[in-house]
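Notes follow once the structure below has been shown.
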Amino acid sequence: MALQTSTNKVIHHSHNSTTIALDLNEQGNTTHTQFHNHGSPDLNEQGLQAVVEDQPSSLLCVTSLPRLNSWDPTAVMVDMLKHHSSLGDVQTSACVLLVMGDRRRTLTTLDEAVQEHWLLAYIDILFRLQLWDVTTKCKLAFCKTIADECQPFLQRFQTSKPMTPYLFEAVEKLLRYLMNRCVKPDLMKCTGPKLLSIDTKKSENLILSKNIDIGFATKRLLGETAITVTERQKLEFIHECRSMLTTMIAKLQEKSPLKQKAVRGLSSLDPCVIQHSPQLAQKRFSFLLEELNHANIINDVLAENAKKEYLHFCNLKKSRLQEIFRPCDQFSDEVGLDTIYVNKPLLVENMHEKTVTAQRHIRDEIQEAGGIENIHISKKMLDYVRGARKRYHEYLEMKKQERSEEDKKKAEKGKLDIQVKVLEGKRKKLMMATEEKREAIDVELQELKKKQASLY
1 MALQTSTNKV IHHSHNSTTI ALDLNEQGNT THTQFHNHGS PDLNEQGLQA VVEDQPSSLL
61 CVTSLPRLNS WDPTAVMVDM LKHHSSLGDV QTSACVLLVM GDRRRTLTTL DEAVQEHWLL
121 AYIDILFRLQ LWDVTTKCKL AFCKTIADEC QPFLQRFQTS KPMTPYLFEA VEKLLRYLMN
181 RCVKPDLMKC TGPKLLSIDT KKSENLILSK NIDIGFATKR LLGETAITVT ERQKLEFIHE
241 CRSMLTTMIA KLQEKSPLKQ KAVRGLSSLD PCVIQHSPQL AQKRFSFLLE ELNHANIIND
301 VLAENAKKEY LHFCNLKKSR LQEIFRPCDQ FSDEVGLDTI YVNKPLLVEN MHEKTVTAQR
361 HIRDEIQEAG GIENIHISKK MLDYVRGARK RYHEYLEMKK QERSEEDKKK AEKGKLDIQV
421 KVLEGKRKKL MMATEEKREA IDVELQELKK KQASLY
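All letters in the sequence shown, in the order written, are residues 1 to 456 by UniProt numbering.
Spelled out as structure tokens, the structure:
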């Protein structure tokens, strides 16, 4: 239970998800929908937390949220491209098409012949202005090779699902792939965060330019242009490829999440790491607990209990682990860790005690009725639900007024604190001045007494 609690705190602290629950406690039988960052009445400003029931729950949960109809900008894009083309500005139209890449397929109302005409016209302009040389095609092929390797990573992690446990291995794999193209093999034997210490700006860490891996497509195109391209041009092209690789690697090293111990620790929740490297998983999980404990997210007792439960979990038989991780194998790792690590329904985030109590009442009411199928939806319940939004806004307004009053009190308290500090400063200065005067008077008095004594 401690492992589930600490795991949920971290995963849902980094990745926000939303669940719709029915609130039958304080508003009768009403449907209460909470949306992320939409002023939920149970917004927890201290952080996101996921609550898991101690007993098997029968709460009515909706895991698929209704979404607003998406706006399709295709028509606007096509009109914009045609407008620029009609003005003779095929360069803008061609550049937009190039930037869109494979998404050009979404422009169904724009003929491919028209797109090809714009691209050819753009290339013709480059030729006439001498902006296109024979190596440009090779450069584009090299850029495409690198982009094709990075694109799956971006598609995988541009999601609202809790994918952080897979981030460490994925970033390391991507960084290693790029570095293998230009870095000496002896330096690539290190793993994990040690890759960040390799300086690709130093030539002694890089392989010879002629041995740089520029990709099969680039090599083929470079070979086809052997007649028109000199050896010097080839060497300059390879140097440009190496410069691009080193710059990209340096940027990844600078912004890499491999620097974060929490990301490394969260990789202990990766099913592959748990099954194939249990000792490494335990070590990384200890890093995670240390980070959470130092950040005051979990206390010492919870950290110790989580470590014990995780150790017990890693020591399970391999067949048992495979059974637990079967949902991840049947679908993809993007199913989400709530499917893997939480065997009970995941409740709404940002819960206060009020909402937790209400949801437990929901479960009790459903169980008492004999299941969801036996719940009678009365007209009174429907009318009450229709007014839920109004009551919700009233609640928000009340909370807003309370916060406003608290802010006023804090501002007034701040002013009073400043005035008190100013007066205390003045008093201190007066006391110091008085003390100096008293000391001066004492000195003068002593001198007078000495003179008086000398007269006798």
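No residue lacks a Cβ here, since even glycine has one placed at the ideal position from N, Cα and C.
The model shown is predicted, which means the values in this text are computed figures rather than measured ones.
Is it buried or exposed, residue i, if we count other Cβ atoms within 10 angstroms and call 16 or more buried?
i: Asp270; result: buried
i: Trp71; result: exposed
i: Ser243; result: exposed
i: Met431; result: exposed
i: Glu447; result: exposed
i: Gly425; result: exposed
i: Pro185; result: exposed
i: Glu172; result: buried
i: Phe127; result: exposed
i: Glu45; result: Per-residue confidence for Glu45 stands at a pLDDT of 40, beneath the threshold of 50, marking its modelled position as unreliable; the derived number appears in the next sentence. The residue is exposed, with fewer than 16 neighbouring Cβ atoms inside 10 Å.
i: Ser203; result: exposed
i: Arg403; result: exposed
i: Met163; result: buried
i: Glu405; result: exposed
Could you please give me the residues that DSSP links to residue i through a beta bridge?
i: residue 464; result: There is simply no residue 464 to check, as the chain begins at 1 and stops at 456 in what is shown.
Going by the CB atoms, is the gap between residue j and residue i shorter than 7 angstroms?
i: Leu266; j: Pro165; result: yes
i: Ala250; j: Thr200; result: yes
i: Pro73; j: Leu167; result: no
i: Thr218; j: Ala141; result: yes
i: Leu221; j: Cys138; result: yes
i: Phe153; j: Leu178; result: no
i: Lys261; j: Phe287; result: yes
i: Thr106; j: Val78; result: no
i: Cys241; j: Leu206; result: no
i: Leu187; j: Gln253; result: no
i: Tyr122; j: Val96; result: no
i: Gln359; j: Cys314; result: no
i: Ile238; j: Ile212; result: yes
i: Ile94; j: Leu119; result: Residue 94 is actually Ala in this sequence, not Ile. It is a contact, given that the beta carbons lie within the stated cut-off.
i: Lys307; j: Leu289; result: yes
i: Thr145; j: Gly215; result: yes
i: Ala369; j: Ile375; result: yes
State the start and end residues of the unbroken alpha helix (DSSP H) segment that holds residue i.
i: Leu448; result: 388-454
i: Thr228; result: Careful: Thr228 lies outside any alpha helix (DSSP H) and carries neither H nor E.
i: Glu224; result: 216-224
i: Arg103; result: Arg103 -> no alpha helix (DSSP H), and no H or E assigned at all.
i: Glu368; result: 353-369
i: Lys201; result: Per DSSP, Lys201 belongs to no alpha helix (DSSP H) and is neither H nor E.
i: Asp72; result: Looking at the DSSP string, Asp72 is not in any alpha helix (DSSP H), and its letter there is neither H nor E.
i: His376; result: Careful: His376 lies outside any alpha helix (DSSP H) and carries neither H nor E.
i: Leu300; result: In the sequence under discussion, the amino acid at residue 300 is Asp, which differs from the Leu named in the question. It spans 300-314 - the alpha helix (DSSP H) in which Asp300 sits, taken as one unbroken run.
For this session: Identify every run of the alpha helix (DSSP H) within the stretch 127-196, keeping only runs that are complete inside it and at least 4 residues long; order them along the chain.
Result: 136-157, 167-179
For this session: Would you mind listing the alpha helix (DSSP H) stretches within the stretch 257-297 that are 4+ residues and don't spill past its ends, in chain order?
Result: 261-266, 271-276, 278-294
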